[in-house]
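> For the sequence shown, the residue numbers in our numbering are 19 to 119. Glycine is no exception: its CB is placed at the ideal position from the N, C-alpha and C atoms.
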Amino acid sequence: MAKFIKCNNLEVLYTNADSLSNKINELKLLIRSLDKKPWIIAITEVKHKNKWNTTVSELTLPGYILYTNDLNSTSHDSNVLYRPMWIVNSNPNSCILELTH
19 MAKFIKCNNL EVLYTNADSL SNKINELKLL IRSLDKKPWI IAITEVKHKN KWNTTVSELT
79 LPGYILYTND LNSTSHDSNV LYRPMWIVNS NPNSCILELT H
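(1) Taking the beta strand (DSSP E) that Glu-44 belongs to, which residues open and close that run?
(2) Do Leu-89 and Thr-78 count as a contact pair if the criterion is CB distance below 9 Å?
(3) Would Lys-67 and Ser-96 be called neighbours here (beta carbons separated by less than 9 Å)?
(4) Kindly indicate which three-state DSSP category Val-98 falls into: helix, strand or coil?
(5) From the DSSP output, read off the bridge partner residues of Glu-76.
(6) For the ligand HEM, I want to know if Asn-71 counts as a neighbour, meaning its beta carbon is within less than 8 Å of at least one of the ligand's heavy atoms.
(7) State yes or no: is the C-beta of Tyr-32 within less than 9 Å of the C-beta of Ile-59?
(8) Apart from the five residues just before and just after Ser-37, which ones in its own chain have a Cβ nearer than 6 Å to its Cβ?
(9) Which whole-angstrom value is the C-beta distance of Glu-63 and Asn-34, which I expect to be below 8 Å?
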């Protein structure tokens with residue numbers, strides 16, 4: 019289940035996917051249905067437990083830039099972060115947001 023977090027005016031969507039590649043269409047539908055699009059989408063456990071090769075092209079979201087820690091590793095704990103293309107400042111040090119669960 020996705021969690022929406024609001025920090026001042028910053029809208030964040032967070033979820034644990036437990037394999038995002040088979041849920042990416044569901045995520046795309048969710049994003050399209052929202053009146054206010056999230057500024058950050060953070061997803062943990064992106065890779066399938068039995069599939070080692072997940073490609074960036076499988077995980078793209080229209081209108082968002084994808085950041086990932088390592089989709090090529092054999093570890094299951096790959097994470098992704100999306101930021102909208104309309105954010106001009108892409109300096110990761112310009113805003114620090116810590117998410118804990």
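Quick answer:
(1) As a first step, residue 44 is located in the sequence shown; it is residue number 26 there, counting from the start. Careful: Glu-44 lies outside any beta strand (DSSP E), inside the alpha helix (DSSP H) at 42 to 51.
(2) Residue numbering aside, residue 78 sits at position 60 when the sequence shown is read from its first letter. Residue numbering aside, residue 89 sits at position 71 when the sequence shown is read from its first letter. Against a cut-off of 9 Å, the Cβ pair of Leu-89 and Thr-78 comes out as no contact.
(3) Position 49 of the sequence shown, counted from the first residue, corresponds to residue 67. Position 78 of the sequence shown, counted from the first residue, corresponds to residue 96. Not a contact, by the Cβ cut-off of 9 Å.
(4) By one-based count along the sequence shown, residue 98 stands at place 80. Strand.
(5) Taking the sequence shown and counting its residues from 1, one reaches residue 76 at position 58. Answer by DSSP bridge pairing: none, since Glu-76 is not bridged.
(6) Of the ligands one can find in the structure shown there are none, so the ligand HEM has no counterpart to examine.
(7) As a working mapping, residue 32 is identified with position 14 in the sequence shown. As a working mapping, residue 59 is identified with position 41 in the sequence shown. Cβ atoms of Tyr-32 and Ile-59: closer than 9 Å.
(8) Taking the first residue of the sequence shown as position 1, residue 37 is located at position 19. Result list for Ser-37: His-66, in chain order.
(9) Position 45 of the sequence shown, counting from 1, holds the residue named residue 63. Position 16 of the sequence shown, counting from 1, holds the residue named residue 34. Going by Cβ atoms, the distance from Glu-63 to Asn-34 rounds to 5 Å, so yes, they are a contact pair.
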